[in-house]
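Visitor:
2 protein chains.
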Amino acid sequence: MLVSRVRMPDGRSESDLLIREGRIAEIAPTGTLAAPGQAIVEDGAGALALPGMVDAHCHIDKTLWGRAWVPHSAGAVLADRIANGERRRDELGLPDGGAMRALLRQMAASGTTLARTHTDVDPEIGLAGIERVAAATTELKGVIDVEQVAFPQGGLLTRPGTAELIEEALQRGMVQCVGGIDPAALERDSARHLDLVFDLAATYGAKIDVHLHERGTLGAHTMELVIDRTRSYGLQGRVVLSHAVAITEVDRLQAERIAAGLAELRISLTTATVYNTPVLPILDLERQGVNVGAGNDGVRDLWGPYGSGDMLDRTFHLAYRSGFRTDERIASAFDVAVSGGAIALGREPARIEVGAPADLFLVDAATIGEAVAARPTRRLVLKRGVVVARDGRVVADEAFADAL
Amino acid sequence: MLVSRVRMPDGRSESDLLIREGRIAEIAPTGTLAAPGQAIVEDGAGALALPGMVDAHCHIDKTLWGRAWVPHSAGAVLADRIANGERRRDELGLPDGGAMRALLRQMAASGTTLARTHTDVDPEIGLAGIERVAAATTELKGVIDVEQVAFPQGGLLTRPGTAELIEEALQRGMVQCVGGIDPAALERDSARHLDLVFDLAATYGAKIDVHLHERGTLGAHTMELVIDRTRSYGLQGRVVLSHAVAITEVDRLQAERIAAGLAELRISLTTATVYNTPVLPILDLERQGVNVGAGNDGVRDLWGPYGSGDMLDRTFHLAYRSGFRTDERIASAFDVAVSGGAIALGREPARIEVGAPADLFLVDAATIGEAVAARPTRRLVLKRGVVVARDGRVVADEAFADAL
């Protein structure tokens, strides 16, 4: 396939991209490529070509996307939200395959080509959530890659039976990532919670992604415990801390020591920059060698009514609340949503470069800054060189199924 | 005109609205109104009818809306932005009539029926900015009401000649509102700056709107000075403090004393909730009797590349960063964008009630919460009973010009 007349992410040269076997095979000034006669030509018409985005932290099992409005019903603290989520899950038929597929389509149509979703596991739902998410993502195979985390939303220690279920999911190969949550604030026993999570990951060769809402010195302490274990278990490059805003709330010396540990052990952070939570200082973290990815977190669910599934929206929140105004700075935030997320998930980042996977999208914008500020409908989305969405909609499922 | 089958702002009953002479004349369950034979019928098709929004703080003279992308070029502090704005103003031909009209159309098409815009006055631009804004708003007369503030962006004391220009604008009846800016941080003489602003307002019977970016105890002190003068000049209900985040940064006792002063003298605050600035605690302020309006502030200009002109977007930022999740709480934020803004400007708030001005819009949403979370394209916008926009676009200017 030839994608003609697109501008590179820096907004400058107009080029043609030749896609072959799911990768960018050649990039050359418009009109200079000799495309094979049978090549499909997609006219980029001067749009900006950007690498496919990674939603490194979402919860598609909880979504009500595309359904009639459900007014928010949870209380103000984490425990209320967990309780409300579990209480109303059955009443609302969650996880809902239709809502999940609708959200995955929306994510793909906005240029997200890879996602990590945290799926609730607890004694009530068992592994049914993981099965339903797997069914939904299988239907969207080829459109968007999704990896699941077996996520103990209600706790591992405080909800007996949950760890056994997660182990079963790992044993059966249903997931390759173990979740954790607030080892101190929710679980009341940081060391034991983290030992359990790391033991499971080590035993089954799995990755780790721990939700860390804990604030200030408590959260920073938990980060130190995670750093210790990543080193002692030899899980360098396999651990993610999600949210982790505590690093913004402790003194500079402690924050720098933690950042050094994260960098050394290639522990990534992911941020959703939701509501009024502190913003991770992505430029400082980059300078310190800490990788940061971004995600939408919950989208239209029992935890909150907001969200769009669009990683350009999420990049906007990150850039806006970071006070980034220049194209260069906004591009740094976008990079978090692309390479940062891919690195966090241990995947190859998409790039508009020869040899890179042809995961990309086209958008009518002069620069990444304009794309993030205005968030226009995506003209075209390619996943491994296949057109999966056009003008903000996933192309008919049959069409891409044939093309695979 | 009959607007049929709309739901009231609480999302409940489906009703028909009879509009007569620019006001809502009757509201009755769908199908029960005997509309005059010649009435135009607009089918609401179950959409939510919401009162027209007020952009209580914007800067349309600076906008680049609808133009080719201009990468951000200013430095990080206020003085850099002021200097950059003035330096590049001529190069870019600002204020730009076309960009202003495009933005005003966008604002109107999203359901804003009234706006207050701060127009730069300084010795270089003189009163030309005010004249150009007046020309643009005159062209949109009947679509959106706009009032101008003669705004000394670069300072009154620090830019000799500016006060005389503002006085001339007041004398000639070009504006009815005097602006001020950071009396301490920028002007270095709070008392004299405020005396000048209040003298001008008192002499010409004008209103006052002071930009207050000053933080912490400094900004709180300036608020106290404004309270003192509002009392001594007898300008109750005629003064607005824009931004005014200092009230969130001082101890509770001082914050409560200031709030009591604002409430007593009917001094409104306006908030734009931009970037990462502290969020005004609108529920506390409401409880304390302080009126708060909202505005977009700068939209796509030399000060920053963001913004859409849509007050539902701005309401989203206010609600989201306030952590509002329930329909009821989100409706409180929306009320800031409707009655809060109208009261700040000394106007009659729009309401979906018999006798209220027929400034309203229709949107496909179950509740205000959904409208703010999803921000769908506005189906229809009425200004004083005239259809001014449909499906996100202002109707042809001739059409509404005829109807006026």
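Quick note, the sequences are listed as chains L and B, same order.
With our numbering applied, the first sequence has no gaps in its numbers, which climb one by one up to 404 at the end.
With our numbering applied, the second sequence has no gaps in its numbers, which climb one by one up to 1404 at the end.
Note that beta-carbon positions come from the ideal geometry of N, C-alpha and C, so glycine has one too.
Can you give me the Cβ contacts of GLU348(L) inside the same chain, cut-off strictly under 6 Å, excluding the 5 residues immediately before and after it?
Guide: Cβ within range, chain order: n/a, list empty.
Visitor: Could you tell me the alpha carbon to alpha carbon distance between GLY93(L) and GLN153(L), rounded to whole angstroms?
Guide: GLY93(L) and GLN153(L): Cα-Cα distance of roughly 18 Å.
Visitor: In this structure, how does DSSP classify LEU1404(B) when only helix, strand and coil are distinguished?
Guide: Below a pLDDT of 50, predicted positions are generally treated as unreliable, and LEU1404(B), at 42, falls in that range; the measurement from the model is reported next regardless. The answer is coil: DSSP assigns LEU1404(B) none of H, G, I, E or B.
Visitor: Pull the bridge partners of ALA115(L) from the DSSP assignment, please.
Guide: According to DSSP, ALA115(L) bridges with ASP55(L) and VAL146(L).
Visitor: Pull up the DSSP beta-bridge partners for GLY126(L), would you.
Guide: BP columns for GLY126(L) point to ASP122(L).
Visitor: GLU370(L) touches chain B at which residues, Cβ-Cβ below 9 Å?
Guide: Per Cβ cutoff of 9 Å: TRP1069, PRO1071 and PRO1305.
Visitor: Given ARG1229(B), which residues of its chain have a CB within under 7 Å of its CB, disregarding the five upstream and five downstream residues?
Guide: Within the same chain, ARG1229(B) has close Cβ partners LEU1194 and PHE1198.
Visitor: Could you tell me the distance, in whole angstroms, from the CA atom of GLN148(L) to the CA atom of MET174(L)?
Guide: So the alpha carbons of these two residues sit roughly 8 Å apart.
Visitor: Consult DSSP for ASP1335(B) and reduce its assignment to one of helix, strand or coil.
Guide: ASP1335(B) falls in the helix class under three-state DSSP.
Visitor: Nearest to GLU1214(B) by CA position, among LEU1050(B), ARG1159(B), LEU1241(B) and VAL1394(B), is which residue?
Guide: Per the Cα distances, LEU1241(B).
Visitor: Going by DSSP, which residues form a beta bridge with ASP1199(B)?
Guide: Answer by DSSP bridge pairing: none, since ASP1199(B) is not bridged.
Visitor: What's the gap between the Cα of HIS1317(B) and the Cα of VAL1143(B)?
Guide: Approximately 25 Å between the Cα atoms of the pair.
Visitor: I'd like to know if ASN1296(B) contacts chain L, where contact means its C-beta is closer than 9 Å to some C-beta of that chain.
Guide: Not an interface residue.
Visitor: Return helix, strand or coil for ARG1087(B), following the three-state DSSP convention.
Guide: Looking at ARG1087(B) - three-state DSSP - the assignment turns out to be helix.
Visitor: Can you name the residues of chain B whose CB is closer than 8 Å to the CB of VAL321(L)?
Guide: In the sequence as displayed, the identity of residue 321(L) is Arg instead of Val. Result: TYR1275 and ASN1276.
Visitor: Is the distance from the Cβ of HIS59(L) to the Cβ of THR117(L) below 9 Å?
Guide: The answer is yes: Cβ separation under 9 Å.
Visitor: Please report how far the alpha carbon of ILE1267(B) lies from the alpha carbon of ASP1080(B), in whole angstroms.
Guide: Their backbone Cα atoms lie some 30 Å apart in a straight line.
Visitor: According to DSSP, is SER1232(B) helix, strand or coil?
Guide: SER1232(B) falls in the helix class under three-state DSSP.
Visitor: Along the beta strand (DSSP E) that carries GLU1042(B), what are the first and last residues, could you check?
Guide: Element bounds for GLU1042(B): 1041-1043.
Visitor: Which two residues bound the contiguous alpha helix (DSSP H) that contains ASP96(L)?
Guide: From DSSP, ASP96(L) is part of no alpha helix (DSSP H); its letter is neither H nor E.
Visitor: I need the DSSP call for ARG351(L), collapsed to helix, strand or coil.
Guide: Looking at ARG351(L) - three-state DSSP - the assignment turns out to be coil, as it is neither helix nor strand.
Visitor: Is it the case that the segment 361-372 of chain L contacts the segment 81-88 of chain L, given that we only count it when at least three CB pairs across the two stretches are under 8 Å?
Guide: At 8 Å Cβ cutoff, the stretches do not touch.
Visitor: Helix, strand or coil for ARG132(L) per DSSP?
Guide: In this structure, ARG132(L) counts as helix in the three-state DSSP scheme.
Visitor: Name the chain B residues whose beta carbon is nearer than 7 Å to that of ALA366(L)?
Guide: Residues of chain B passing the Cβ test: ALA1068 and TRP1069.
Visitor: Quick check: does the Cβ of ARG1300(B) come within less than 8 Å of any heavy atom belonging to the ligand ADP?
Guide: No copy of the ligand ADP occurs in the structure displayed, which carries no ligand at all.
Visitor: Per DSSP, which residues does LYS383(L) bridge with? Please list them.
Guide: VAL386(L), per the DSSP bridge assignment.
Visitor: Per DSSP, what kind of secondary structure is ARG257(L) in: helix, strand or coil?
Guide: Residue state, collapsed to three classes: helix.
Visitor: Going by other Cβ atoms of all chains shown within 10 Å of its Cβ, with 16 needed for buried, is GLY97(L) buried or exposed?
Guide: Per the 10 Å Cβ criterion, exposed.
Visitor: Residues in the same chain with beta-carbon distance under 7 Å from ARG384(L), minus the five sequence neighbours each way, listed in chain order, please.
Guide: Counting only Cβ-Cβ distances below 7 Å, and skipping sequence neighbours, we find GLY22, PRO357, ALA358 and ASP359.
Visitor: Output yes if chain B places a C-beta closer than 9 Å to the C-beta of ALA373(L); else output no.
Guide: Cβ-Cβ to chain B under 9 Å: yes for ALA373(L).
Visitor: Check the Cβ of ASP43(L) against every Cβ in chain B and list those closer than 8 Å, keeping chain order.
Guide: What ASP43(L) touches in chain B: nothing, since even the nearest Cβ is about 21 Å away.
Visitor: Less than 9 Å separating the beta-carbons of LEU218(L) and ALA246(L)?
Guide: Cβ atoms of LEU218(L) and ALA246(L): closer than 9 Å.
Visitor: Going along chain B in order, which residues have a C-beta closer than 8 Å to the C-beta of VAL354(L)?
Guide: Neighbours of VAL354(L) on chain B: none; closest Cβ ~27 Å, over 8 Å.
Visitor: Can you tell me the Cβ-Cβ gap for ALA1249(B) and PRO1278(B), rounded? I've got them flagged as a contact below 8 Å.
Guide: The amino acid at residue 1249(B) is misidentified as Ala; the sequence shows Glu. Contact flag correct, Cβ pair sits at about 7 Å.
Visitor: Give the range of the alpha helix (DSSP H) segment to which LEU285(L) is assigned.
Guide: Where LEU285(L) is concerned, the enclosing alpha helix (DSSP H) stretches over 282-287.
Visitor: Give the C-beta separation of GLY355(L) and ILE19(L) to the nearest angstrom, bearing in mind that I take them to be a contact with Cβ-Cβ under 8 Å.
Guide: So it is not a contact: roughly 12 Å between Cβ atoms.
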